[in-house]
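Chemist:
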Amino acid sequence: MSASSVHSLWTTAAPVADKFPTPHIEYAQLSPVLIVFAAAALGVLVEAFLPRRSRYTAQVGVAAVGLAAAFAAIVALADKGYGTTKAHIAAMGAVAVDGPALFLQGTILLVGFVAIFTFAERRLDQRAHGNRVDSFAAQGSAVPGSDQEKAAVRAGFTSTEVFPLLMFAVGGMLVFPAANDLLTLFVALEVFSLPLYILCALARRNRLMSQEAAVKYFLLGAFSSAFLLFGIALLYGYAGTVSYSGISAVIDGTAPMNPALASTTGNDALLLIGLAMVTMGLLFKVGAVPFHMWTPDVYQGAPTPVTGFMASATKVAAFGALLRLLYVVLPGMRWDWRPVMWGVAIITMLAGAVIAVTQTDVKRLLAYSSIAHAGFILAGVIATTPDGISSVLFYLAAYSFVTLGAFAVVTLVRDAGGEATHLSRWAGLGRRSPLVAAVFAVFLLAFAGIPLTSGFAGKFAVFKAAAGGGAMPLVIVGVISSAIAAFFYIRVIVLMFFSEPKADGPTVAVPSVMTSTAIAVGVAVTLVLGLAPQYFLDLADKAGVFVR
Amino acid sequence: MSFPLLTVTAAVPAVGAVVTAAVPAAQRTAAKYTALLFSLATLVLAAVVLVRFDPGGNRYQLTESHAWIKDFGLRYELGVDGIAAVMVALTALLIPFVMLAGWHDADPLEDVNPNRRWRPTQGFFALILLVEAMVVLSFEATDVFLFYIFFEAMLIPVYFLIGGFGDRAHAAGEEEAARQRSYAAVKFLLYNLAGGLIMLAAVIGLYTVTAHQLGTGTFSLQEILSARASGKLHIETSTERWLFLGFFFAFAVKAPLWPLHTWLPNAMGESTAPVAVLITAVVDKVGTFAMLRFCLQLFPEASKWATPVILVLAVISIIYGALLAVGQRDIKRLIAYASVSHFGFIILGIFAMTSQGQSGATLYMVNHGISTAALLLVAGFLITRRGSRLIADFGGVQKVAPVLAGTFLIGGLATLSLPGLAPFVSEFLVLVGTFSRYPVLGIIATLGIVLAALYVLVLYQRTMTGPVKAGIEGMSDLKARELLVVTPLIALLLFLGVYPKPVTDIVNPSVNHTLSDVHKTDPKPALEAKK
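Listed in order, the protein sequences are those of chains A and B.
Taken in order, the first sequence gives residues 0 to 547; the numbers are from numbering that gives the first Met the number 0.
Taken in order, the second sequence gives residues 0 to 530; the numbers are from numbering that gives the first Met the number 0.
1) So for residue 47 (chain B), helix, strand or coil by DSSP?
2) For residue 159 (chain B), which residues in chain A fall below 8 Å Cβ to Cβ?
3) Quick one: residues in its chain with C-beta nearer than 8 Å to the C-beta of residue 63 (chain B), no 5 flanking neighbours on either side, listed in chain order?
4) Determine whether the beta carbon atoms of residue 411 (chain A) and residue 507 (chain A) lie at a separation below 8 Å.
5) Within this structure, are the beta carbons of residue 52 (chain A) and residue 159 (chain A) separated by less than 8 Å?
6) Answer with yes or no whether the minimum CB distance from residue 363 (chain B) to chain A is below 8 Å.
7) Give the residues from the region 207 to 238 of chain B that approach chain A closer than 9 Å (Cβ to any Cβ), ordered along the chain.
8) Does the beta-carbon of residue 225 (chain B) have 16 or more other beta-carbons within 10 angstroms, so that it is buried, or is it exposed?
9) For the pair the region 81 to 94 of chain A and the region 26 to 40 of chain A, tell me if three or more CB-CB distances fall below 8 Å.
10) Can you tell me which of the three DSSP states residue 24 (chain A) falls into?
11) Answer yes or no: do residue 392 (chain A) and residue 542 (chain A) have a C-beta to C-beta separation smaller than 8 Å?
12) Residue 24 (chain B) and residue 118 (chain B) look like a contact to me (Cβ under 8 Å); what is the Cβ gap, rounded to whole Å?
13) Going straight from the alpha carbon of residue 457 (chain B) to that of residue 154 (chain B), what length do you get?
14) Between residue 432 (chain A) and residue 509 (chain A), what straight-line distance do the alpha-carbon atoms span, to the nearest angstrom?
15) With residue 94 (chain A) and residue 128 (chain A) assumed to form a contact (beta carbons below 8 Å), what rounded beta-carbon distance in angstroms separates them?
16) Is residue 179 (chain A) buried or exposed, if buried means 16 or more other CB atoms sit within 10 Å of its CB?
17) Output yes if chain B places a C-beta closer than 8 Å to the C-beta of residue 527 (chain A); else output no.
18) Would you list the residues sitting across from residue 60 (chain B) in a DSSP beta bridge?
19) So, is the C-beta of residue 203 (chain B) closer than 8 Å to a C-beta in chain A?
20) Nearest chain A C-beta to residue 284 (chain B) closer than 8 Å, yes or no?
21) Taking the continuous alpha helix (DSSP H) assigned at residue 369 (chain B), which residues delimit it?
22) Helix, strand or coil for residue 516 (chain A)? Go by DSSP, reduced to three states.
23) Which of the three DSSP states, helix, strand or coil, is assigned to residue 15 (chain A)?
24) So, do the region 192 to 203 of chain A and the region 161 to 175 of chain A have three or more beta carbon pairs nearer to each other than 8 Å?
25) Whole angstroms is fine: what's the gap from residue 340 (chain B)'s alpha carbon to residue 489 (chain B)'s?
26) Please state whether the Cβ-Cβ distance between residue 399 (chain B) and residue 467 (chain B) is less than 8 Å.
27) Report the residue from A:253, A:238, A:339 and A:23 whose alpha carbon sits nearest the alpha carbon of residue 268 (chain A).
28) By the criterion of Cβ-Cβ separation under 7 Å, what are the contact partners of residue 481 (chain A) in chain B?
29) Could you tell me which chain A residues have their CB closer than 9 Å to the CB of residue 69 (chain B), listed as they occur along the chain?
30) What does DSSP give as the partner residues of residue 417 (chain A) in its beta bridges?
31) Would a C-beta distance cut-off of 8 Å place residue 474 (chain B) and residue 407 (chain B) closer than the cut-off?
32) Would you mind working out which of A:184, A:477, A:114 and A:204 sits nearest residue 420 (chain A), comparing C-alpha positions?
33) Are the C-beta atoms of residue 17 (chain B) and some chain A residue less than 8 Å apart?
34) How big is the Cα-Cα spacing for residue 29 (chain B) and residue 22 (chain B)?
35) With a CB to CB cut of under 6 Å and the five nearest residues on each side skipped, what residues in its chain are close to residue 223 (chain A)?
36) Report the CB separation of residue 180 (chain B) from residue 269 (chain B) in whole angstroms; it is logged as a contact under 8 Å.
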C-alpha cells in the first residue's frame, strides 16, 4: 500500500467538521499501549488495596505480565502487517501504527521488561532490620535522616510504587515515537517524564543526591517542555493544524488554506522558530549537546536501575520521536535543519567523548558516553535516507541493551555505603571477580565499538548510512571521537584488570536470579547483534518506512 | 563443497582458546598441554594448506565464500595466495615456540589465590590461541571488511597479554612495573585502535563507492578487482588517494612505520619475551601483509602516487630504528628498535615495486619472524635468569652458560643478516630490488646493515664477554625445554639461509600477480626492462 493511499485513510476522516465527530479509536491497533496503561492502573490499585506484604510479588507480576502481553500484541500487529503494508494512522490522526513505531515500541517493551528485573532485585543490599530491601527508598515522602524515615526502614517498608511508575513511563514512551500530532507528542512526553522525575528521587542510599538529581531533572525537563510547547504553538500558528501530515502539507504547499488563519499561515518565521523549539525539546530528551547538562547529574543521582532504564528507554523513545518529526513533518525543510543538526551531531560526539575522559565516577562516565552515543545516532538521523532510519532503529536496539547491562553491573559493585561508583574503587576488580569484570569489559568494548560486538554493528550501520547520505565529514568526526571514547572505556578495563586490588576495596554482591538475568540478556544481545545481526538488520530495514 | 580447510585452520586455535580457558584453576599443567596440542594441530593444518597450495594455480586457492551480514556487504570470504599461505604457516609455526618459551610465564606467584576463578595461566594460553586464530583469519580473509574485523578484534587479546602478564623482574619494583605495563598496553591499544578507526572510515568510504557504482556495496577483493578490470568500477583519483591513506595509516601503525612506531618499544619492553615475539613476529606482520594485499591491489594508482613519501619514511625507519637500537640500555627495547629498522626494510621492499623487492619483503617477513623469535626468546631466558633486562647488569655470560650465549649469538647474527643465515637472502633481495629503481635510497638503506652489526655485536660483547659480573655467577645454561624452543628455530634459519627456494617458489607467482595489478599501465618493472 503506497503512502498516498495511507494518506487517504486520514483525509477521508477529516471533512466531517460540521458536527462533533464521534471518535473512532482502533482499539486493537493501540492494544500495546492500552495494555501497559491498564497494567499501570492495576498497579496503582494493588498499591492501594493489597496488604504491604504481598504488594511486591503482585507488582512485579502485574508489571511483567503487562509488558509481556503488550510485547505479544506488538508481535501480533507486526505479524498482521501493520509494520509494512497495513501501516496507517490510528486514533483520528493521533497515533501512527507503522514500522518504526512498532519496532521502537517493541524495543522499549523489551527494555522495560528487563528493567523490571533490575528494579525487583532485593539481594544486593544488606538486610535492613531483617527485611530484604531493593534500591529504592523505604518511603519516598519521609525526609532523609528523619525519625519518620528510620521508622519506615525499621518497619521494612519498600517503595513498591516504583512498578506502576515504571509502567506509566513505559506507556508514555510507547506513544512518544508513535505520536502523529504535536499535542499527542507533548502529552506523551509528559506522561513518561513525570514518573521518571519521581523515580529519580527514590534512591535508598544517598537520598539527598537522588532528590537533587530529581529536582534538576524536573526543572530542566519542565524548561524543555515549555520550549516544546511554545514551538508547538508557533507551528500551529504557521500551519493551522498540529497534525504531522497537515504541517508537512502546508510546508509542501499542497494544503488548502484555512481562511481564518490566513494572516499567519505560511509565515516562515513561525515555522523556523517553532521547528527549532520543538527540536530543542526533543534534543533535550535525547541528551544532545548543548542540551545535555542534566545528563551526568541525573544519571549519577538516580537509583542505578532507574538510570539504566532511563538511559536506554528514554533514548529509544526520544530518537523515535525525533526521527518521525524530521522525516515525516520536515522532509521539505531538509536544507534548513540539516546544517544545524550537523553542528549538533559534531559537538555532541566530540564533547561527549572529550568530557568523559576526565570523569572519575562510573555513572557519570556512562552518562557522558551516552551523550557521545547520542551524537553517533544523530549522524544516522541526518542521513535522511531509508538507510538512515533503519540504521538508527538498529543502533537504538543494540545500544539500549548494552546500557541496561552495564548499569546492572554497576549495581553489583558495593561497599558499606552502597554502590561504589567512584572509579578508583573499581581497581583490581578483575582479580576479585573475574566474571563480573569480564562481563563489564564486554559492555565497555561494545560501547567502544570493537568488532564482533553489537556496538560495532550499530556504529557501522549509522556511519554507513551517514556516508551514503553524503555526510562523510560526520563519519570522520565520528571515528575520531570513537578513538577518544575508546580511551576512557579502555581506562576502566585497565583499572579492573591491571591494577592491584585495594585492601578495603568494594565487594561484588552476589545477585539474585533477577539481576543475573538482566545482565545475561544484555551480554547475549550484545554478542548476537555483534556476530549475527542480519536478521535484526532485515527487521529494521523492513520497519524503516514511516507512514504519512 | 570441499572441506573448509582455511576455516578449520583458524577454528582449531579458537576452539583451543575456549577449551584452555575452561580448564579448572588447579589443573595448570593440563591447560598448558591442551593449548600446546591445539597449537600443534594448527601447525599441521597450516602445513596441509602449504602443501595443498599450488603455486602455478589460481591466484586465490582453497577459497570459501558465504554471506555473513548482507546489509553491510560483508561476506565470509577466505582464500590464500602464496604470500598468505606462507604467513599462515609462519604464524602456526611460531605459536608453539611462543608457548613453550612462556611455559612458566603465567604461573601464579603464590599458591594463595584471592579467588578461585582467577586463572592467569589458563588465560595466558587461551589468549595466545585467540590471537593466533584472529591473525590466521586476517591472513586468509579476502573480504576487506572481514579482514578489518579481525584486524581490530585481535587488539583486545594482545592488549590483555601485554597488560596482564609482564616480566617478573623489574628494576623499579612491582608497583612501578605494573604501572608501566598498563601504560604500554594502553599505548598499544590506542595507537592501533586509532589507526583502525581511521581505516574504518576508509572502509565505509569504499562501501559507498562500490554501492554507488555497482549497485550493491561489496568488500570482496575479487569482486572489486574484477569490476575494476572490466571497467565497471572506477574510483576517482582523489577518492582513491583518501581511501589509500585511510588504509595505509592503519597498516603503518601496525607495522610500525616511523613516526607511528613509538608504541612498539613500550609494548615489547614491558611484555614478556614470548608475548613480545607474538607482537613483533606475528601480529605486526599483518600490517605489512595488508599493505601488499589491500593497499597495492585495491588502490594501485594511489599506491604509486604515495610511493616516494612511503619509501622515504621506510628509509628513515631503517636508519632511525637502528640508531636508537645502538643507544638502548634495555635488551628488549634494543630488539624492539631493531624490529622498527627491519620493518623499514620490509616496507621498502614492498613499495620499491619490483619483483625482487616484493619477494624479498615477503621472505623478510618470514625470516624476521624466525630470527627475532630466536633472538628474543633466548634474550627472554637470559632476562628471567638474571631478573633484569638492563644490559649493564650482564657480563661474561658465555663463561657460565656457553650454550645460551652461543644461541644468542646465532640469533643476533641472523638479525644483522649474516650471509648463510636466512635474513641475509631477504635483505639482499630487498636492497637489490630497491637499488634497481631508487639507487640513492638503496644506498642509504644499506647503512642500516652496518648499524645492525654495531648494535648486535655491541650487545653481545657487553652481555656475554668480559669478566663474569655479580649476579651472573651461578647462571644455569639452557634447559631441555628451552633447547627445544631454540634449536628448531636456528635450524630453520640455517636451512632457509642456504636454500630459500621452497618459500620463494610459493611466493613469487603471487608477487607477480600483485605487481601486475599495480603496473597495469606501465609495461614492465624497471629491472626486467633493463635485461
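We put the beta carbon where it would ideally sit given N, CA and C, even for glycine.
Modeler: With the given structure in hand:
1) helix
2) Residues of chain A passing the Cβ test: 496.
3) 3, 5, 6, 75, 76, 77 and 78
4) yes
5) no
6) no
7) Look at the region 207 to 238 of chain B: the residues with a C-beta under 9 Å from a C-beta of chain A are 207, 210, 211 and 216.
8) By the Cβ-count criterion, residue 225 (chain B) is exposed, with fewer than 16 other Cβ atoms from all chains shown falling within 10 Å of its own Cβ.
9) Touching, yes.
10) coil
11) yes
12) 5 Å
13) 34 Å
14) Roughly 10 Å between the two C-alpha positions.
15) Not really, about 47 Å apart at Cβ, beyond 8 Å.
16) buried
17) no
18) B:79
19) yes
20) no
21) 354 to 385
22) helix
23) With a pLDDT of only 48 at residue 15 (chain A), under 50, the local geometry of the prediction cannot be trusted, and no value is derived from it.
24) yes
25) 22 Å
26) yes
27) A:238
28) Here the neighbours are 196.
29) 533, 536 and 537
30) For residue 417 (chain A), the pairing in a beta bridge is given by DSSP as A:414.
31) no
32) A:204
33) no
34) 8 Å
35) 280 and 283
36) 5 Å
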